[in-house]
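With our numbering applied, the sequence shown corresponds to residues -5 to 612, in that order.
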Amino acid sequence: MRTNKFGIRIAASALAMAVSYGAHAVTDEDIINDHKTPEDIVSYGMGTQGQRYSILEDLNTSNVQYLQPAWAFSFGSEKMRGQESQPLIKDGVMYVTASYSRIYAIDARTGEEIWQYDARLPDGIMPCCDVVNRGAAIYGDKVIFGTLDAKLVALNKDTGKPMWIKKVADYQAGYAITAAPMVIKGKVITGVSGGEFGIVGKVEAYDANTGDLVWTRPTVEGHMGYVYKDGKKIENGISGGKAGVTWPGEMWKNGGAATWLGGTYDPDTDSLFFGTGNPAPWNSHLRPGDNLFSSSRLAIDPDDGSIKWHFQTTPNDGWDYDGVNELISFNYEENGKTVKAAATADRNGFFYVLNRENGDFIRGFPFVDKITWAEGLDPKTGRPIYTEGGRPGNPADMEGGKGEMVLAQPAFLGGKNWMPMAFSQQTGLFYVPSNEWSMDIWNEPVSYKKGAAFLGAGFTIKPANDDYIGVLRAMDPKTGEEVWRYENTAPLWGGVMTTAGGLVFTGTPEGHLKAFDAKTGEDITRQVLTHIIVEEESKGTNLLPISFLRHLISFYGDSLQAVVPNYLEHSMGSFARNQEQMREMMTGTFSGLAPFAPMEEISKKNMAHVREIGRAHV
-5 MRTNKFGIRI AASALAMAVS YGAHAVTDED IINDHKTPED IVSYGMGTQG QRYSILEDLN
55 TSNVQYLQPA WAFSFGSEKM RGQESQPLIK DGVMYVTASY SRIYAIDART GEEIWQYDAR
115 LPDGIMPCCD VVNRGAAIYG DKVIFGTLDA KLVALNKDTG KPMWIKKVAD YQAGYAITAA
175 PMVIKGKVIT GVSGGEFGIV GKVEAYDANT GDLVWTRPTV EGHMGYVYKD GKKIENGISG
235 GKAGVTWPGE MWKNGGAATW LGGTYDPDTD SLFFGTGNPA PWNSHLRPGD NLFSSSRLAI
295 DPDDGSIKWH FQTTPNDGWD YDGVNELISF NYEENGKTVK AAATADRNGF FYVLNRENGD
355 FIRGFPFVDK ITWAEGLDPK TGRPIYTEGG RPGNPADMEG GKGEMVLAQP AFLGGKNWMP
415 MAFSQQTGLF YVPSNEWSMD IWNEPVSYKK GAAFLGAGFT IKPANDDYIG VLRAMDPKTG
475 EEVWRYENTA PLWGGVMTTA GGLVFTGTPE GHLKAFDAKT GEDITRQVLT HIIVEEESKG
535 TNLLPISFLR HLISFYGDSL QAVVPNYLEH SMGSFARNQE QMREMMTGTF SGLAPFAPME
595 EISKKNMAHV REIGRAHV
């Protein structure tokens, strides 16, 4: 009997996890070591550093084409909007959030629902950019996630019953939470959404057991940070030192800089890394200056929320180039020394490599095909060298209340948006899901009103190319080289994972799970053909040996999608013609008898079956 090493190992793991749900509480050590324990996933990013690298080797470039769907789970009907969640898995239970602030516990082996929790959302929520949720955190006996009315909810991970609920911010001012929180040193760390409503971004820490606020750190210059001890609120320094340094007048009071994508954590430097969104409003002429700490990456002390260092990717942002994209820690060797680095692919189209110990700029380079708003980056500081005439015009310079329109690339949807990239410890490459957009953008007058959009700009979005939008890129952080790329007709709007088996996974809007060779970029999914084999094998009606079909797939790849059914029909046609010749010859020999009549009936059925396969799969 044929055995499957990968299947045996997975089955053994499932058996090992087949204990009562909730048998093991999640500890701080579990979270820090998450990247070393592939049987569980207890952090957003498959490890606190966010590399999304699995050490599993059993599934690899040699056998990934045999990967099959095991079950499917629906998140509902009218509520099935955008789904951007990364599941967590503990003791055989999958915890996954869904749109409209819902969370499910699902048996990871069968797909059966264990429990569901729906947050009670008020009518006045104001999520800017869809009603999504990107994931949860897990700690002790709790699973914790954020809601669209800006609350943190802690549920018993075994029953789904609420254990504590805490208000993080005022949803009526435009605040929401869409990011996955994380737990570091027993504290739930969360950011906030709402930059388009003129809120003030912040990062906060809550006691994971009680929900009590531990510290808060605003991400706009001029706002005071606090720590909370023994019921007392203690000042912990103004973000940026004082107000009015990089913001004019009182613009800092509604400065945006939302921390809407959450953060990562680096144990080596004991630092939280959070990105901040665009400054408010979009009309940059109203706020001359760098507008700290908008469109930046921050290193934050997890114990008290103080800012260790910052790096700003787009000072005085006028294009909505949020700097929220994940900052991923990694090491590399250079001149015989280990460099403790961190990398991010920004919405502005540039890829940045920083020293994660102090935030110093190491190098930066474009990762999209075209950038119009900047000519490049200063090689010493990483500050953008702005293109003359690349910023949308000041409405005050024009009649009619509308500033001069410019064509900008990337569009504000970003060279890369929320969808996380991955880093392979095997290849040393980053795998970046990116999109090629352009936009027409112009500025308009605007004033702040609580709960109202605070933009001061208009725009139109369009593809930058006729034949593709999405591009999955393999980027070398040491050289800036694009090692390989995969172009997709539709945008790429899903995250990426890479493995020790030499694989890179991502999904497409067309509904395909794609697998690539991490070194070469070869598309080795072969999903359609695998499905043909699986379906026909289950029916017991294969016209050719399964082993033969699998060899064909391994050798020819996806090009067989259209070839195999035609080949089978041609082969059966040849077989039928040979049968006819033999029938004529044997009929004469047996004096009119038809000994092959039953075989002819089988042949007709086979031919019809092949045509059915061809129609279904070509």
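The beta-carbon is built from N, C-alpha and C at its ideal position, and this holds for glycine as well.
Being a predicted model, the structure only gives us computed values, none of them experimental.
Out of curiosity, what's the CA-to-CA distance linking residue i and residue j?
i	j	result
M415	Q45	8 Å
V557	R96	Caution is warranted here: a pLDDT of 48 is assigned to V557, below 50, making its placement in the model unreliable, and the coordinate value is therefore given only provisionally. Taking the straight line from one Cα to the other gives about 44 Å.
V162	A144	6 Å
G70	A113	15 Å
G445	T381	34 Å
L371	I379	6 Å
M157	T338	36 Å
T42	F406	28 Å
V465	V239	39 Å
R467	P296	33 Å
Y38	M88	13 Å
V90	P503	20 Å
K364	A458	9 Å
V408	Q59	It should be noted that the sequence gives Gly, not Val, for residue 408. Cα to Cα, the separation comes out at about 32 Å.
G394	N388	12 Å
M218	A390	33 Å
A174	F139	6 Å
Y315	A131	27 Å
M120	T366	32 Å
D124	E328	43 Å
V126	G76	6 Å
E472	H18	The sequence shown places Lys at residue 472, not Glu. Taking the straight line joining both Cα atoms gives about 41 Å.
Y165	G243	26 Å
S68	A102	14 Å
C122	A66	30 Å
Could you check where the beta strand (DSSP E) with residue i kicks off and where it finishes?
i	result
E476	476 to 482
I183	181 to 184
G370	368 to 371
E229	226 to 232
V498	497 to 501
K223	218 to 223
Q306	301 to 306
W613	The requested residue 613 is not part of the displayed model; the chain covers only -5 to 612.
W109	107 to 112
D511	507 to 511
Considering Cα atoms alone, identify which of the options is closest to residue i.
i	options	result
N319	R377, G384, A251	A251
F344	V58, A368, H217	A368
W104	A64, V90, G408	Here residue 104 is Thr; the residue named in the question, Trp, does not match the sequence. The shortest C-alpha separation from T104 is found at A64.
I25	D206, G180, I356, W246	G180
D264	L292, E327, W241	L292
E430	E481, V208, R281, I463	I463
L61	I100, L497, Y480	L497
I435	F417, T483, G383	G383
E107	I228, N127, G86	G86
T514	G269, P427, T55	T55
F361	G505, D152, P309, N411	N411
V137	E476, W109, G231, I232	W109
Where do the N-terminal and C-terminal ends of the alpha helix (DSSP H) with residue i fall, by residue?
i	result
I193	It is not in any alpha helix (DSSP H) - I193 carries neither H nor E in the DSSP assignment.
D24	22 to 26
Under 9 Å between the Cβ atoms of residue i and residue j?
i	j	result
I49	A494	yes
R377	I301	no
T375	N342	no
T184	L146	yes
G312	N437	yes
A202	G134	yes
W613	G188	No answer is possible for residue 613: the residues shown for the chain start at -5 and end at 612.
R350	F287	no
G257	V197	yes
M245	L207	no
Excluding the five sequence neighbours on either side, which residues of its own chain have a C-beta within less than 6 Å of the C-beta of residue i, listed in chain order?
i	result
Y111	I97, L149, G154
D34	I83, K84
M433	A402, A405, F453, I455
R357	V347
S323	Q43, D260, A336, R350
A237	G216, W246
Just to confirm my understanding: we take residue i, look at its own chain, exclude 5 residues before and 5 after, and list those with CB closer than 7 Å. What are they?
i	result
F448	E190, F191, G192, N248, A274, P275, V440, Y442
D22	K179, G180
G353	A293, W303, H304, F305
V333	N325, Y326
S79	V90, T91, A92, N127, R128, G129
D511	T55, G496, I518
Beta-carbon within less than 8 Å of residue i's beta-carbon, same chain only, minus the 5 sequence neighbours each way: which residues are those?
i	result
G269	T253, L255, G257, S290, R291, L292, D316, G317, V318, N319, E320, L321, T338
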